[in-house]
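Residue numbers (the numbering used here): 7 to 130. Idealized CB from N, CA, C, for every residue including glycine. Predicted model only: the values in this text are computed from it and were never measured.
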Amino acid sequence: LKEMWALLPEVMGKPVPPIDEGLLESMSKLPATDPEHFQHPWGTAEKLYKSEAVDPFGTKYLLGIYATKEEAQKAFKEWSGEYDKAREDMKVEMAQWSKQENARLDKDTSARDRVKKILEEARR
C-alpha cells in the first residue's frame, strides 16, 4: 500500500495527503487473499482457454478467459447468437430506412425532373 500511495501523486497529477499509520497497521494484519475463498483460476490452473471472436470486418472481441474448453465454447455460442440477432435487427432497420428514403425521393420529384431535363438536352 505504501508503494501504491507513493505513485498516486504521479498518476493523479496532484499531491495526496499522507497515509494514516493506523490504517497501515490494520491492513498489515489482513491477508492479501483469502485462501479459503480464493477460486481464481488464473494463478492456479495449468491450462486456460481464451474465447475470442472476429467479426466480418476484422474486429476482434475477447469474450473471456475460462478454466474449461466447454465454458469458452459456451461463451462463444452466446456471443454468436447475440451477434446474429443484431445482424438480423440491422437488416430490418436498413430495409425500413430504405423504404423511408425511397418514399421521400418519390415525393420530391424536382431532382428527378432536373436529371431528365439534362438528359433530354444532352440527346439534342
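G70 sits in a strand when the DSSP states are folded into three classes. For K8, no beta strand (DSSP E) run applies; the uninterrupted alpha helix (DSSP H) run containing it begins and ends at 8-18, by DSSP. For A101, the enclosing alpha helix (DSSP H) has its first and last residue at 75-113. Taking one beta carbon from each stretch, the segment 78-92 and the segment 103-117 have fewer than 3 pairs nearer than 8 Å; the two do not touch.
Here DSSP, grouped into helix, strand and coil, assigns A59 to strand. Per the coordinates, the alpha-carbon of D40 lies some 28 Å from the alpha-carbon of P24. R118 and A109 have their C-alpha atoms roughly 13 Å apart.
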